[in-house]
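First up is the structure itself, then whatever we jot down about it.
If you want it as C-alpha cells, here you go:
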C-alpha cells in the first residue's frame, strides 16, 4: 500500500492555506471521531492518521520541512544523501562529462572562458577524413589498504570479465590521489589519440599505523620487564617486521625513530637519487598485562616502601 | 564502502533490477568488487538523486541519460568556477579589485 501524503489524507491541495486545512480536518474529525464511531476500528485508525496529518500541516515549521523532504509523513527525519556537496567536491570528478575538459588542466579553464571551443576538435592528426577527435578519459576508483598505499603495490582493476587494468600504486600515495594511465580511456576517432584512464585511489585506515607526511606513526605496547630492563624486540613496519632496541628504563610515551622505515618515494625525476625516505616513529606504551599477579604485587609493596617517589610532585592542583 | 545490498536497504522502494540497470547504463559508477559492486558515498547520493528524479519528476530511462549528462556538465562547471574563485581569493587585494572592476555591471 502506497503511503498517502498528509495532503492526500486531509484531501487538500499542496498549496492549501491554514484555514482550508483546519476546515478539512474538522470535517473529517467529526466523521471519524472514535466516540462517534464505537466499535469501528478502521474509523479509529483513520482518525489517528488524519490527526497526525493535521499536526504536521498545521505547524508551519513542520510543514515546510515536510515539503522540503526533510521529514516524512510521520514527522521522522528522513536520511538525506544530498548529491550536491558530493558533486561539487573532488569526488564529483568521477562523473564529469566524458571527453570534456580536464579539471586538473588550467589551460582548459582559460580555453573555456576565452571561447576557444572544444579541445583538439579538427586540429589534431587532421590528415584523415573528417574530424580527428581525441578519445575521452575514463574515471575509475580503486581502494587499497594502508600498507599497500604506504609501501606501494601492484593492483589489478577488473573492468569486466577478460578485461582489466594493471595499476602500479606508487609508495606513499595519498587518499583521493588520481593516477593517470595514458591511452587507457576511450579510443579516439579519426586517428586521434585514445583518452586516459584516471584512477582515483582511496586508502583504507589501518588499525595500528597512522601517517604523518612521509613518517609512519605506531603506538607500540611493551611489557613492564621490557620497559624496565630494555631489550631487542620485533616491530612491525609497512615493509615487514624489523628488530629494534629499547633502552633500559623506557617510559610510556618515549618515542623511538626507525630511520628510513617510513614512506620512501623516488625523486621527482623517478630516479632513486634524490629519493625521500620518511621514518617510522614508534611511541612506547607500557602495558602491565595481568595486573592480578600476586607475585608482582607482593614485590611492588616491598619495593614501593624503599622507593617513595611521587611522579605527580610539582603538578598544580 | 557500501555494498549493493546496503544501497537497496538505504533507499526503500528501490528495486534490485532497477539499480542493476542504472549501473549497467553507467549512470552510477560503483567500483567492481569481486562479483559485487562497492559504492562510495558520492555514488549512493547519486543513486538517491536518480531515484528521486524518476519518482518525483517521472523522467523515463531515455530522458534520464540526457538529464544526467546535463547535470554532470553543470556540476563540472561549478567545480571549475569554484577553482577559479579559489584562485582569485588568494590574489592580493589590488588584483581582486581589478577583476571586480573588469566584470560587467550586469551579466551579459
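Residue numbers (my numbering), protein chains in the order written: chain A, 7 to 323; chain B, 7 to 114. In this text, a Cβ means the ideal position worked out from N, Cα and C, and glycines have one as well. None of the values given here were measured: they were computed from a predicted structure.
Coarse secondary structure for residue i, derived from DSSP in three states
i	result
residue 62 of chain B	helix
residue 75 of chain B	helix
residue 103 of chain B	helix
residue 294 of chain A	coil
residue 212 of chain A	coil
residue 18 of chain B	coil
residue 30 of chain A	helix
residue 13 of chain A	helix
residue 38 of chain B	strand
residue 262 of chain A	strand
residue 87 of chain B	helix
residue 96 of chain B	coil
residue 70 of chain B	helix
residue 41 of chain A	coil
residue 33 of chain B	coil
residue 282 of chain A	strand
residue 80 of chain A	coil
residue 244 of chain A	coil
residue 142 of chain A	coil
residue 201 of chain A	coil
residue 71 of chain A	helix
residue 168 of chain A	coil
residue 192 of chain A	coil
residue 275 of chain A	The pLDDT assigned to residue 275 of chain A is 48, lower than 50, so where the model puts this residue is not dependable; a value taken from the coordinates is nonetheless given after this. If DSSP states are grouped into helix, strand and coil, residue 275 of chain A belongs with coil.
residue 227 of chain A	strand
residue 207 of chain A	strand
residue 184 of chain A	strand
residue 6 of chain A	Summary: the structure shown does not reach residue 6 of chain A, with chain A confined to residues 7 through 323, and so no result is reported for it.
residue 150 of chain A	strand
residue 252 of chain A	strand
Distance between beta carbons of residue j and residue i, contact taken as under 8 Å
i	j	result
residue 146 of chain A	residue 203 of chain A	6 Å
residue 43 of chain A	residue 49 of chain A	4 Å
residue 208 of chain A	residue 48 of chain B	In fact, because the Cβ distance is near 11 Å, the residues do not count as touching under 8 Å.
residue 62 of chain A	residue 12 of chain A	5 Å
residue 225 of chain A	residue 291 of chain A	5 Å
residue 86 of chain B	residue 94 of chain B	Their Cβ separation, rounded to whole angstroms, is 13 Å, which puts residue 86 of chain B and residue 94 of chain B out of contact at 8 Å.
residue 84 of chain A	residue 98 of chain A	Not confirmed; about 23 Å, so no contact.
residue 220 of chain A	residue 269 of chain A	5 Å
residue 196 of chain A	residue 139 of chain A	6 Å
residue 248 of chain A	residue 230 of chain A	About 23 Å separates the two Cβ atoms, so there is no contact after all.
Option in the options with minimal Cα separation from residue i
i	options	result
residue 90 of chain A	A:170, A:81, A:101 and A:266	A:101
residue 282 of chain A	A:271, A:292 and A:173	A:271
residue 284 of chain A	A:238, A:300 and A:266	A:266
residue 214 of chain A	A:238, A:289 and A:179	A:289
residue 241 of chain A	A:212, A:41, A:227 and A:182	A:227
residue 157 of chain A	A:229, A:210 and A:243	A:243
residue 94 of chain A	B:41, B:51 and B:43	B:51
residue 165 of chain A	B:23, B:8, B:42 and B:15	B:42
residue 258 of chain A	A:294, A:178, A:153 and A:269	A:294
residue 155 of chain A	A:169, A:180, A:168 and A:171	A:180
residue 178 of chain A	A:151, A:169 and A:195	A:151
residue 39 of chain B	B:99, B:8, B:84 and B:82	B:8
residue 88 of chain A	B:55, B:31 and B:37	B:55
residue 73 of chain A	B:76, B:107 and B:62	B:62
Own chain partners of residue i with C-beta closer than 8 Å, once the 5 adjacent residues on each side are dropped
i	result
residue 173 of chain A	148, 160, 161, 162, 163, 185, 187 and 205
residue 53 of chain B	13, 17, 20, 25, 28, 34 and 45
residue 192 of chain A	104, 105, 141, 142, 143, 144, 200 and 201
residue 96 of chain A	182
residue 90 of chain B	none
Same chain only: Cβ atoms within 7 Å of residue i, ignoring 5 sequence neighbours per side
i	result
residue 31 of chain A	16, 56 and 60
residue 39 of chain A	53
residue 73 of chain B	59 and 65
residue 69 of chain A	62 and 63
residue 57 of chain B	17 and 20
Nonlocal neighbours in the same chain, by C-beta distance under 6 Å from residue i, ignoring five residues either side
i	result
residue 236 of chain A	252, 253 and 254
residue 223 of chain A	216 and 287
residue 262 of chain A	288
residue 153 of chain A	244
residue 37 of chain B	44
Contact test: residue i Cβ vs the ligand MN heavy atom, cutoff 7 Å
i	result
residue 51 of chain B	Looking for the ligand MN in the displayed structure turns up nothing, as the structure carries no ligands at all.
Against chain B, which members of the region 69-102 of chain A pass a CB distance test of less than 9 Å?
75, 85, 86, 87, 88, 89, 90, 91, 92, 93, 94, 95, 96, 97, 98, 99, 100, 101 and 102
Using a Cβ cut-off of 9 Å, which residues of the region 147-177 of chain A contact any Cβ in chain B, in chain order?
147, 148, 149, 163, 164, 165 and 166
Identify each residue in the region 17-38 of chain B for which the Cβ-Cβ distance to at least one residue of chain A is less than 8 Å, and report them in chain order.
35, 37 and 38
Give, in chain order, every residue of the region 67-80 of chain B whose Cβ lies closer than 7 Å to some Cβ of chain A.
75, 78 and 79
Using a Cβ-Cβ cut-off of less than 8 Å, list which residues of the region 81-113 of chain B approach chain A; keep chain order.
81, 82, 84, 85, 86, 88, 89 and 90
At a Cβ cut of 7 Å, what residues of the region 48-63 of chain B count as close to chain A, listed as they run along the chain?
48, 50, 51, 52, 54 and 55
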